[in-house]
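Engineer:
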Amino acid sequence: MTISSDIIRGHLESVILTLIKEKDRYAYEIASEIKTRTEGTFTMKEATLYAMVQRLEKKGVIESYIGDKSHGKKRRYYYMTSLGDAYLETKQQEWYQLKAIMARFLEDTNESN
Amino acid sequence: MKAIDKFVDRLFKAHGTQNKDDADKLKEMLYEKVDDLMREESLSEEDAIERTIQEFGDEADYSAASLEKARRVHERVKTLKHYQNDLLFAGIATAIIAAMVFIANLVFLEAWFPWLAIIITLGVLFWPLSLLYKLLNKRGDRS
């Protein structure tokens, strides 16, 4: 089953920030990592991903530097700022709350059936 | 990589609102993907470019993601930054005031224990504490 991008849209920033928080990454690496981790059940449109990365950088949530990739050309790597950490924290809290609310409805429905 | 340049230039012309810096960074992102595809999947440059452009999506996807919620995120980040600066300023100011009061207490009142300085410092401490409270509240605010 593939996930509609409409469902996950509000949390795409959190996904990107979480991956960048784990380690500095370049844009296509983020796209590949999402594809790999979701085993193809969710593929983020690259236009969306690249635009979001640019937007997050403009807001000061992430910053970038040019770094080396082994056996390849140079890459623009993105890393989290302290502001990014605070932003991701609020997004995580938002997610836990949403998850708890949805669980109340959907899990209760399953139990009653 | 001329095909990538042309593709991005066309995209930005259609988009109409972005600057050259954004276009250059987007080109850079696409070059990186082309390079990865050539090295990791052994594609020819032509095939890698074609696949990169195909998988990118269209102008509408890029525009939507660029503008969507941009203002809201910007406002929130700006407010958090503002609160952090306020807290930093209040913290430093409190430390300076406390140091001055302690010195004044010990030098001018010649008291063996700086009761007055402690009381004044505790009072001033409510300034950064109230700002910390506001910052934590704002971080927890999900609206």
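Going down the list, the sequences are from chains V and F. Counting from 1295, one number per residue, gives the positions in the first sequence under the numbering used here. Counting from 8, one number per residue, gives the positions in the second sequence under the numbering used here. Think of the CB as a built atom: it goes at the ideal place given N, C-alpha and C, for glycine as much as any other residue. Remember, it's a predicted structure, so these values are computed and weren't measured experimentally.
Is there a Cβ of chain V sitting closer than 7 Å to that of M45(F), yes or no?
Structural biologist: Chain V, which has no Cβ nearer than 7 Å to the Cβ of M45(F), makes this no.
Engineer: So, under 8 Å CB-CB, G98(F) and E1340(V) are touching, yes? Tell me the CB distance rounded to an integer number of Å.
Structural biologist: G98(F) to E1340(V), Cβ: 43 Å. No contact.
Engineer: Shortest alpha-carbon distance to K12(F) belongs to which of F133(F), A21(F) and K34(F)?
Structural biologist: Strictly speaking, residue 12(F) in this sequence is Asp, with Lys absent from that position. That would be K34(F), whose Cα lies nearest to the Cα of D12(F).
Engineer: Quick check for students: name the residue ranges of the beta strand (DSSP E) that lie wholly in the stretch 1307 to 1384 of chain V, counting only runs of 3 or more.
Structural biologist: DSSP runs (the beta strand (DSSP E)) wholly in the stretch 1307 to 1384 of chain V: 1356 to 1361 and 1369 to 1374.
Engineer: A118(F) to I104(F), Cα distance in whole Å?
Structural biologist: When rounded, the distance between both Cα atoms is 19 Å.
Engineer: Using 7 Å as the threshold, is the C-beta distance between E124(F) and V114(F) below it?
Structural biologist: The residue asked about is misnamed: residue 124(F) is Ala in this sequence, not Glu. Not in contact: A124(F) and V114(F) (Cβ atoms no closer than 7 Å).
Engineer: Could you tell me whether any Cβ in chain F is nearer than 7 Å to the Cβ of D1369(V)?
Structural biologist: According to the sequence as given, residue 1369(V) is Arg; it is not Asp. Yes, contact with chain F.
Engineer: Can you list, in chain order, the residues of its chain whose CB lies under 7 Å from that of N112(F), leaving out five sequence neighbours each side?
Structural biologist: Cβ within range, chain order: A118, P121, L123 and A124.
Engineer: Cα-Cα, which of Y38(F), M36(F) and L142(F) is closest to N197(F)?
Structural biologist: Chain F is shown only over 8 to 150; residue 197(F) falls outside these bounds and no answer can be derived.
Engineer: Run through chain V and tell me which residues come within less than 7 Å of R58(F), C-beta to C-beta.
Structural biologist: Going along chain V, no residue has its Cβ under 7 Å from R58(F), so there is no contact; the nearest lies around 11 Å.
Engineer: List the whole-angstrom C-beta distance separating Y1372(V) from R1331(V), where the pair is believed to meet the contact cut-off of C-beta under 8 Å.
Structural biologist: At roughly 17 Å, the Cβ-Cβ gap does not stay under 8 Å, so Y1372(V) and R1331(V) are not in contact.
Engineer: Given a threshold of 16 other Cβ atoms within 10 Å of its Cβ, counted over all protein chains shown, does I1324(V) qualify as buried or as exposed?
Structural biologist: Its Cβ being crowded by 16 or more others within 10 Å, I1324(V) is buried.
Engineer: If you run the structure through DSSP and keep just helix, strand and coil, what is G1304(V)?
Structural biologist: Looking at G1304(V) - three-state DSSP - the assignment turns out to be helix.
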